[in-house]
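Visitor: Quick one: the structure is below, and I'll ask about it shortly.
In my numbering, the protein residues as written are 86 to 648.
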């Protein structure tokens, strides 16, 4: 068998695990790898402008496509610049592979130039981290890494390779099967647990479903719909679960949680049985844990047993893949309608729609702009966001209708996610329109990736909600810190001149009468576009569950806010 350099083994391994794109940034210790990219044209390398951008792009690629996202960086600062992206992906269970180079083996642990213990740093934020010390171990490490990232509870995996391992020769031996001692993800639900859960679901009078990111990650939206329709159970979504059920479906009641709807939060608080699929039972979705719904019986389906009982006690925990467990439960339960319960939630929604409506008047609110973008873009577009007020309004008003349509940082809440994630989504889905909803603060953290978009001909539309504030922080300072605005007002560059500097199209919108034409103009332009929407400066996101409050303490309107 012919021997290969370690660098060639890396690239052959990427091909074997189905990787067609790597987002990366070169540096000294990875030059032996970059030297071999031209010999492997099947693997497209996209040169980013910052390693964090590479990581978020790999994340966006994975969320939009369901395939493994890959980012590559050099040692030292290149590797440490990936840390935010690694943690972002891992918190949201996104299948990603992060490859770093390191100093030569003889220099490890000796504070060599640009050395960092990235293996140690990543250990708490990945499913597994490899330090590959022999070229012959490269192929098995990549096979295992892809298997770990894409199975069980999906997540990020890291591989670190010293420079001289890239140049060392070894035989390329690809493991046809991967078997890892101690790693055997359970996919099917235990039949006894299924039977017990089915009995409590059949006996429920006011059941409700919490549909989380796991439904999206496991491609289980059809199975979710079948279960909900058979049992007549209303569906509430977490932020990352949006898209698992179309909003027009009769059993779809939208987002629950800190900025979820009044009716969703009260349905969650009033249910007698909660059936949670693929969610972490986190604080942003559930509010104050002990008072979320203390009398409800909870059925919690998750592939990660560590999530059971972590925040809320699960009376009926089921370990398994949502895609496999949902059909098991659907077969085990009886048909039902729960018409009276559904009617109660419908009445609640009809009586409280104003709290989730576009504000009246002629002022250009973010809600108005986003509702217009949603109407134009339709359900086939991909929407990414940053983190803050614009993110919550996007979740509320952008009519998220299908899986993998809405890409946002949930668990880590990473500002600056919006632009590079959109870039990754555009690479993954070249036939879909990609719109990224940006905060004026978060946009300035990572907008350098516009240069990458230009190089790669990625026609991402960047809609900046420019209110001159770090909006969500300002909202909290207004509501809970007696209007004491400290370092939240931001001076902005001229975003149109920025567009000109990058050689792309820029549009400024100062009045709501200009919104429709601006969206159409941006969509018609064949390349990236910056839209500078000068939205209302001090709008607040409602409804709101204050930090430490319960879901049934949702504040619906400003006049009910506690200062």
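All C-beta atoms in this analysis are idealised placements derived from N, C-alpha and C, irrespective of residue type, glycine included.
#1: Report the three-state DSSP secondary structure of residue 647 (helix, strand or coil).
#2: Pick helix, strand or coil for residue 448, following the three-state DSSP scheme.
#3: For the region 521 to 582, list the beta strand (DSSP E) runs that are entirely contained and at least 3 residues long, ordered along the chain.
#4: Once DSSP output is grouped into helix, strand and coil, what is the label at residue 185?
#5: Between the region 544 to 557 and the region 188 to 196, do at least 3 Cβ pairs fall closer than 8 angstroms?
#6: Between the region 400 to 410 and the region 270 to 282, do three or more beta carbon pairs fall short of 8 angstroms?
#7: Are residue 510 and residue 145 closer than 8 angstroms when you measure CB to CB?
#8: Given a cut-off of 8 angstroms, decide if residue 147 and residue 373 are closer than it, judged by their beta-carbon atoms.
#9: Please report the distance separating the alpha-carbon of residue 182 from that of residue 247.
#10: With burial defined as no fewer than 16 other Cβ atoms inside 10 Å of the residue's Cβ, what is the status of residue 490: buried or exposed?
#11: Can you look up residue 249 in the DSSP assignment and give me helix, strand or coil?
#12: Within 10 angstroms of its Cβ, does residue 569 collect 16 or more other Cβ (buried), or is it exposed?
#13: So, is residue 444 buried or exposed, given that buried needs 16 or more other C-beta atoms within 10 angstroms?
#14: Identify which residue in 632, 536, 573 has its Cα closest to the Cα of residue 590.
#15: So the beta strand (DSSP E) residue 325 belongs to, where does it begin and stop?
#16: Using only CA atoms, which one of 386, 366, 203 lies nearest to residue 283?
#17: Looking at residue 360 and residue 318, is the spacing between their C-beta atoms short of 8 angstroms?
#18: Going by DSSP, which residues form a beta bridge with residue 617?
#19: Assuming the contact rule is C-beta atoms closer than 8 angstroms, residue 159 and residue 107 should be a hit. Round their C-beta distance to whole Å, please.
#20: Run the CB neighbour count on residue 452, radius 10 Å, all protein chains shown included, and call it buried at 16 or more, exposed below.
#21: Would you call residue 647 buried or exposed, if buried means 16 or more other Cβ atoms sit within 10 Å of its Cβ?
#22: Which of the three DSSP states, helix, strand or coil, is assigned to residue 71?
#23: Determine the direct distance from the alpha carbon of residue 486 to that of residue 463, and round the result to whole angstroms.
#24: How is residue 371 classed by DSSP in three states: helix, strand or coil?
#25: State buried or exposed for residue 269, treating a residue as buried only when at least 16 other CB atoms are found within 10 Å of its CB.
Guide: The relevant details are as follows:
#1: Low per-residue confidence applies at residue 647: pLDDT is 46, beneath 50, and the placement is therefore not dependable, though the value from the model is reported in the following sentence. In the structure shown, residue 647 sits in coil (DSSP, three-state: anything other than H, G, I, E or B).
#2: coil
#3: 546 to 551
#4: strand
#5: no
#6: yes
#7: Yes.
#8: no
#9: 17 angstroms
#10: By the beta-carbon neighbour count (other beta carbons within 10 angstroms, threshold 16), residue 490 is buried.
#11: helix
#12: exposed
#13: Exposed, by the Cβ-count rule.
#14: 536
#15: No beta strand (DSSP E) contains residue 325, which DSSP labels as neither H nor E.
#16: 386
#17: Closer than 8 angstroms, so yes.
#18: 549, 593
#19: Contact flag wrong, Cβ pair sits at about 13 angstroms.
#20: buried
#21: The pLDDT assigned to residue 647 is 46, lower than 50, so where the model puts this residue is not dependable; a value taken from the coordinates is nonetheless given after this. Around the beta carbon of residue 647, fewer than 16 other beta carbons lie within 10 angstroms, which makes this residue exposed.
#22: The shown model of the chain, from 86 to 648, leaves out residue 71, and the question about it has no answer.
#23: 9 angstroms
#24: If DSSP states are grouped into helix, strand and coil, residue 371 belongs with the helices.
#25: exposed
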